[in-house]
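Each residue of the sequence shown is one higher than the one before, counting from 826 in the working numbering. Note that the Cβ used here is the ideal one computed from N, Cα and C, for glycine as well.
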Amino acid sequence: MPRARRYALTESEACDVSFVSHRGNAGGQPESVRLADHTTFRVGGPAARFLRATTQEQLIDEVRRADGSQEPLLLLGGGSNILVPDAGFNGTVIQVGTRGITAEVSTCGGAVVRVQAGENWDEFVAFAVSQGWVGVETLSGIPGSVGATPIQNVGAYGMDVAATISSVRTLDRSTGALTTFAAVDCGFGYRTSVFKRNPGRWCVLDVSFQFPLGELSAPIAYPELARALGIEVGERAHTKSVRKAVLGIRRSKGMVLDENDHDTWSGGSFFTNPLLSPEEAASLPPEAPRFPAGDRIKTSAAWLIQHAGFVRGHGNARASLSTKHALALTNRGGAEAADVVDLAREVRDGVSARFGIDLEPEVNILGTTL
């Protein structure tokens, strides 16, 4: 880390300010155009044209070129939230491979951190924890790229990424202009944003975060995580301990990528947790989970799936629910996209018939709808 510099703010107040620059491994151009080799489901046929953009300039130029020629375009980050057809993609696939983290760290203002869209999310979380930047430790182990996180407003264990985002810099594909969204303009909600509600319009270039500095996490909201940490709900823990506990919990559920574990050959949580009106929530069995969410009530998609009769491992030798977590649909080694879609429809229809609730997919399904 560069040597700290001293900046006078007033005659009686000053801050220690340091600057951090970190660049991850961008890698070379992909050897395979088969999308199964670039997605966590490990499903999907070839792209007509596949390239990895390793600089913002290259990313912007290639997106503008494809849009100018009205060529079908798929922007691919870590490939962790997408199911690609076996026929592949008849157009250009641009894998966002931009790398770089820059930060201005102040003892007064915390860390203002700008991260390129192609950075690996979990590697960034690990780096943030190592630097004493507080706020994303509970989001450890989530696969994918930094640029994808504001689109989905990823979250886990009581924390959404929106809580730490200060701005998102984008390319507006409808105009070709560069546009920066302040956090307040991103339309963040539960697993959604203005970017998700307008699919494909904006290409995320980089994301800026604002972090407080420290060693203790935000108050722990989830009982499961609190138990793993040996604390009470509402108490704080060391951020490194929180990251370790979260990774342990996620591994136990098959939610940390492992080439040798088919339970992790998935898109993570396939369905979002439903947000219900009070009347809808009242119609659920008394033992169904309920969590306040503003004027709505959130329930557990995994609970609904299991209590609609779908046990862990339900499915066949090609595609099944995870043997560790009912909310993940998995590729057992030879699945095609149609196998996963058929299983998703079976689960969705079963939950609807049992509880009258229509589960919404969290995974982006190309080429078809549920």
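Identify which residue in the options has its Cα closest to the Cα of residue i.
i	options	result
Thr963	Asn1098, Val888, Ala1043 and Ser1033	Ala1043
Ser1091	Arg859, Ser1033 and Val1188	Val1188
Asp1031	Val961, Ala1160 and Pro975	Pro975
Gly935	Ile919, Gln941, Gly957 and Gly943	Gly957
Thr1097	Ile926, Gly1059, Asn978 and Arg874	Asn978
Ser779	Val909, Arg1026 and Ser1147	Because the chain in this structure spans residues 826 to 1195, residue 779 falls outside the shown range and cannot be described.
Pro897	Arg874, Ala987 and Leu884	Arg874
Asp1083	Ser1033, Ile967 and Arg877	Ile967
Gly980	Val954, Arg994, Trp946 and Ala1002	Trp946
Ala1028	Ile919, Thr1089 and Val909	Reading off the sequence, residue 1028 comes out as Cys, not Ala. The shortest C-alpha separation from Cys1028 is found at Ile919.
Pro871	Arg877, Tyr982 and His863	His863
Val1233	Phe1180, Phe1034 and Ala987	What the structure shows of the chain is the stretch from 826 to 1195, and residue 1233 is not part of that stretch, so it cannot be assessed.
Gly902	Arg889, Thr923, Ala1107 and Val1067	Thr923
Tyr1015	Pro1037, Gly983 and Thr1005	Gly983
Gly1124	His1139, Ala1106 and Ala1133	First, the amino acid is wrong: residue 1124 is Thr here, not Gly. Looking at the Cα atoms, Ala1106 is the closest of the given residues.
Ser1145	Val1166, Trp1128 and His1132	Val1166
Leu1003	Asp886, Gly1175 and Gly1138	Asp886
When we look at the beta-carbon of residue i and count the other beta-carbons within 10 Å, is it buried (16 or more) or exposed?
i	result
Cys933	exposed
Arg1173	buried
Leu1100	buried
Val1136	exposed
Phe844	exposed
Val921	buried
Thr1194	exposed
Gly1025	exposed
Glu1049	exposed
Gly869	buried
Ala878	buried
Leu884	buried
Ser1018	buried
Pro1186	buried
Asp1164	buried
Leu1184	buried
Leu1168	buried
Gly960	buried
Ala1162	buried
Gly893	exposed
Ala839	Its pLDDT being 49, under 50, Ala839 is placed unreliably by the model, and the measurement read from it follows with that caveat. It is exposed - the Cβ of Ala839 has fewer than 16 other Cβ atoms within 10 Å.
Going by DSSP, which residues form a beta bridge with residue i?
i	result
Ala1196	Only positions 826 to 1195 of the chain appear in the structure, and residue 1196 is not among them; the question remains open.
Asn945	Ser970
Ala1002	Asp997
Val937	Glu929 and Gln1035
Arg1200	There is simply no residue 1200 to check, as the chain begins at 826 and stops at 1195 in what is shown.
Ala1043	DSSP output for Ala1043 lists no bridge partner at all.
Phe1180	In the DSSP output, where bridge partners are listed per residue, Phe1180 has none listed.
Phe844	Glu929
Val1029	Thr995
Asn1156	Ala1144
Asn1189	Ile907
Gly980	Asp985
Phe914	Ala872
Arg859	Pro871
His1063	Leu1041
Closer than 7 Å to a non-hydrogen atom of the ligand SAM - does that hold for the CB of residue i?
i	result
Leu908	Judged by which ligands are present, the structure shown has none, so any question about the ligand SAM falls away.
Would you call the stretch 995 to 1003 and the stretch 1115 to 1132 in contact, with 3 or more CB pairs under 8 Å? no
Evaluate contact between the stretch 1074 to 1084 and the stretch 1139 to 1157, counting only Cβ atoms and requiring at least three cross-stretch pairs below 8 Å. yes
Just to confirm the assignment: which complete beta strand (DSSP E) runs, minimum length 3, are found wholly within the stretch 1079 to 1136? 1091 to 1094, 1116 to 1118 and 1121 to 1123
If contact is defined by three or more beta carbon pairs under 8 Å, each pair taking one atom from either stretch, is the stretch 1001 to 1010 in contact with the stretch 904 to 918? no
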